[in-house]
Structures are given as structure tokens and as C-alpha cells.
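A.B. asks:
Number of protein chains: 2
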Amino acid sequence: MTVSNEVSVLDRLLTNGILASACPTRVVLDHVTSKWGVLLLVALSERSLRWGELRRVVEGISEKMLAQTLRTLEADGLVHREVTATVPPRVDYSLTPLGTELVARLLPLMEWVADHADAIVGDRT
Amino acid sequence: MTVSNEVSVLDRLLTNGILASACPTRVVLDHVTSKWGVLLLVALSERSLRWGELRRVVEGISEKMLAQTLRTLEADGLVHREVTATVPPRVDYSLTPLGTELVARLLPLMEWVADHADAIVGDRT
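Listed in order, the protein sequences are those of chains A and B.
For the first sequence, UniProt numbering gives the first residue as 1, with consecutive numbering after it.
For the second sequence, UniProt numbering gives the first residue as 1, with consecutive numbering after it.
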């Protein structure tokens, strides 16, 4: 699809159906911005991590949600799961090139939220 | 808080507790990346919209979720609600300066997702 530079970002998103229901964009957006999806992607932003490391870094995630969210991100092609045949088997999770591209766009948002969260929640007196 | 440039983004986010449970960052992140929160913020990225316009643009949102999400975003100081005393009263929603800052960081992510959603969902055969 060719999009002119004259077209605004919002028009472009509307054209691509990001605000319409039942479109792939909504599905991916739900995965990426799910409570745990976003935290797992950021946790993997610098290096691969093992299951137990992910559980520790992403505080509060249950075994069930960790398994489920990793499966979704793996099916989306954003996270790579590598099993090394040791005893016991070692499983490492890392970002795929696609996941790395995505996280590059997630981090500025996360940083902004981290910088402004206290002020935002503090506004609610 | 002063953060050295030497500190990685991930370290910085960990220091700010973005991956820890029960911190303001997680609360704000949940609001901002909620299914409807992100779509409403993007919908308002260019101009103020009225209630009915928001319902049409953000396809599939219920009256209840629209009201609830707008209340949360307003309480966070991200969305401004302006009532004009006409008969019937006119209510416009717009981004606050804080909301505008946030959306500037949301749009690159949304564009990337819109550009890659078909490929990502198509991967799942």
C-alpha cells in the first residue's frame, strides 16, 4: 500500500483499520499492549532470559500468565523460544528481529510513562 | 531523579519500577495500554471529538466502556472534557498537553503495528 506523506498519521491508521473492530491490527495491538505482553517484551529488550529470570523480573506474573503470554508472543513471531537439550533442558526466550523492531517503538512510550507516572497518579487526590 | 546516560533504558525502567508490581508506573501503563484507552487516545490525536464521534470512530466500543475509559483518562490528566452550556449541552473531549506528549510516543508504535499486523497474524497458519 502506498501512502502519501500528505496523509495524516490518524488518517493512515483509520485507513489501515486500526480503530475498526475485527481487523488484524486490533488483534496484534491487544497482544502487544496486554498487561503482561508489554512488560515481557521490555524485559527481553536487552538480552535473552530464562523462564525463572522472566518470572523474577516481571514481578507479579503467574506461571499461567507467563506461559500463555509467551505462547502468544511466540506465535506472533515476536519472541523466540530456544530449547537446549541439557539435563534438565534449558529454555531461553529472546526477541526476534520483528520483536526488536517493535520494542524500539515501545521503549520511548515506557520511558515516558515511567517518568510521568507519579505525577499522573498523584493528580488523583 | 538524575539518570546517567550510561545507564541502559532497561536498567532505568527497572530502577523506576516499571516491571515491579504495585507501582504508579504499572497503574498508568494499564490505563494507557488498555484495549480502549490506546484507541481513544489515538482517536483524539488530531482534534477534539464529541461523544458520538468517539463512538463512531472507535468501532465496537460500548457506551459503558467509552464512559469508563474517558473517566479514567480524564482522572489521569490525559483527556480534557469540556461542557458547553447549550440545549442540549455539548460535550467535547480533547487531549491535554500531557495527553499530547503521550500520544506522540504512542503513534510510532501504532503505525508499526498497523504496518505489520497482517504479516504477524498471517504467520499463524
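A virtual CB, placed ideally from N, CA and C, is assigned to each residue, including glycine.
Excluding sequence positions up to five away, which residues of its chain have a Cβ less than 8 Å from the Cβ of Arg81(A)?
C.D. replies: Taking the first residue of the first sequence as 1, we reach residue 81(A) at position 81. For Arg81(A), where only same-chain residues beyond five positions count, the Cβ hits under 8 Å are Leu70, Glu74, Val91, Asp92 and Tyr93.
A.B. asks: Does the beta carbon of Pro108(A) sit closer than 7 Å to a beta carbon anywhere in chain B?
C.D. replies: In the first sequence, counting from the first residue as 1, residue 108(A) sits at position 108. Interface residue, yes.
A.B. asks: Any idea what DSSP makes of Thr84(B), helix, strand or coil?
C.D. replies: Against the second sequence, residue 84(B) aligns to sequence position 84. Three-state DSSP puts Thr84(B) in a strand.
A.B. asks: For Leu41(B), name the three-state secondary structure that DSSP assigns.
C.D. replies: The sequence position of residue 41(B) within the second sequence is 41, counting from 1. Helix at Leu41(B).
A.B. asks: Give the single residue among Met65(A), Val103(A), Ala85(A) and Pro97(A) whose Cα lies nearest to the Cα of residue 156(A).
C.D. replies: Residue 156(A) lies beyond the residue range present for chain A, which begins at 1 and ends at 125; the question has no answer from this structure.
A.B. asks: So what does DSSP say about Asp76(B), is it helix, strand or coil?
C.D. replies: The residue given as residue 76(B) occupies position 76 in the second sequence. Note: Asp76(B) maps to coil in three-state DSSP.
A.B. asks: Would you tell me roughly how many angstroms separate the C-alpha atoms of Val42(B) and Thr86(A), rounded to the nearest one?
C.D. replies: Residue 42(B) sits at position 42 when you count from the first residue of the second sequence. Residue 86(A) sits at position 86 when you count from the first residue of the first sequence. Cα to Cα, the separation comes out at about 47 Å.
A.B. asks: Answer with buried or exposed for Ser34(A), where buried requires no fewer than 16 other C-beta atoms within 10 angstroms of its C-beta.
C.D. replies: Mapped onto the first sequence, residue 34(A) falls at position 34. Buried, since its Cβ has 16 or more Cβ neighbours within 10 Å.
A.B. asks: DSSP on Arg47(A), reduced to helix/strand/coil?
C.D. replies: Indexing the first sequence from 1 puts residue 47(A) at position 47. In this structure, Arg47(A) counts as coil in the three-state DSSP scheme.
A.B. asks: Please identify the residue among Asp30(A), Ile120(A), Leu40(A) and Glu111(A) whose C-alpha is closest to the C-alpha of Leu78(B).
C.D. replies: As a first step, residue 78(B) is located in the second sequence; it is residue number 78 there, counting from the start. Nearest of Asp30(A), Ile120(A), Leu40(A) and Glu111(A) to Leu78(B), Cα basis: Ile120(A).
A.B. asks: Just verifying my parser: in three-state terms, what is the DSSP assignment at Val3(A)?
C.D. replies: For this step, residue 3(A) is matched to residue 3 along the first sequence. Any reading at Val3(A) needs caution, since the residue's pLDDT is 44, under 50, leaving its predicted position unreliable; the model's value is listed next. Reduced to three states, the DSSP call for Val3(A) is coil.
A.B. asks: Pull the bridge partners of Val91(A) from the DSSP assignment, please.
C.D. replies: As a first step, residue 91(A) must be located in the first sequence, where it is residue number 91. According to DSSP, which records beta bridges pairwise, Val91(A) is partnered with Val83(A).
A.B. asks: I'd like to know whether the C-beta atoms of Leu109(B) and Leu109(A) end up nearer to each other than 7 Å.
C.D. replies: As a working note, residue 109(B) is residue 109 in the second sequence. As a working note, residue 109(A) is residue 109 in the first sequence. Yes; because the gap between Cβ atoms is below 7 Å, this pair is in contact.
A.B. asks: Taking the straight line between their C-alpha atoms, what separation do you get for Glu53(A) and Val103(A)?
C.D. replies: In the first sequence, counting from the first residue as 1, residue 53(A) sits at position 53. In the first sequence, counting from the first residue as 1, residue 103(A) sits at position 103. Between Glu53(A) and Val103(A), the C-alpha separation is close to 19 Å.
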